[in-house]
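Position 54 of the sequence shown, counted from 1, bears residue number 57 in the numbering used here, the numbering being contiguous throughout.
By construction, the Cβ of each residue, glycine as well, lies at the ideal position given by its N, Cα and C atoms.
Since we're looking at a predicted model, the values are computed, not measured.
What follows is a short report on a single structure.
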Amino acid sequence: MYVVIRIRGLVGLRYEITDTLNMLRLHRKMHCVISPENPAMLGMLRKVKDYITWGEISDDVLKLLVEKRGRKPGNKRLTEEDAKRVFDALKSTGIAPKDVVPLFRLTPPSKGFKHSIKQHFPKGEVGYRGEKINELLKRMI
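Right, dumping it as structure tokens:
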């Protein structure tokens, strides 16, 4: 399963890009979603590759993300039992349960981005980064 983080803002975007980001539920910068690996999702990710970064999330980072940043409607934190249930659901199906907000609000990375947010990985921050997304995600939780 992929973790997708929106890096760049919304000023000056074409309609197709805005529409695709809305379908991915990435409405603001520093928002993150978990998505399943399938050809349709990969096509959408490639279409907006200049505005997001994505990669494969590891189990320990997924568990940390759900515990620290998982929310219920009304911005209520998840209990330990809820966090475990959401983690198991995300790990098995890649889809969050209905009673949980399907995105995670992150902070900008501690010590900042290492490169420009306008160039592709490895020279920049946007685009596909594989397993190295976990390092960035740990700094943003």
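ask   = Considering only residues of the segment 42–74, which uninterrupted beta strand (DSSP E) runs meet the minimum length of 3 residues and lie entirely inside it, listed in chain order?
value = 55–59
ask   = Considering only residues of the segment 82–128, which uninterrupted alpha helix (DSSP H) runs meet the minimum length of 4 residues and lie entirely inside it, listed in chain order?
value = 83–96
key: Rounded C-alpha distance that separates residue 71 from residue 144   = Your numbering for residue 71 matches position 68 in the sequence shown. Your numbering for residue 144 matches position 141 in the sequence shown. Going by the C-alpha atoms only, they are around 7 Å apart.
ask   = Do the CB positions of residue 64 and residue 29 come within less than 8 Å of each other?
value = Along the sequence shown, one-based indexing puts residue 64 at 61. Along the sequence shown, one-based indexing puts residue 29 at 26. No. Outside cutoff.
query = What do you get for residue 10, buried or exposed, if any count of 16 or more other CB atoms within 10 angstroms of its CB means buried?
reply = The count along the sequence shown starts at 1 and reaches residue 10 at position 7. Result: buried.
key: Same chain, Cβ closer than 8 Å to residue 76, five either side skipped, listed in chain order   = Working through the sequence shown from its first residue, we reach residue 76 at position 73. So the list reads 102 and 104, once near-sequence residues are dropped.
inquiry  = Taking 8 Å as the threshold (C-beta atoms), are residue 106 and residue 36 in contact?
reply    = Counting from one through the sequence shown, the residue named residue 36 turns up at place 33. Counting from one through the sequence shown, the residue named residue 106 turns up at place 103. Their beta carbons are under 8 Å apart, which means residue 36 touches residue 106 by this criterion.
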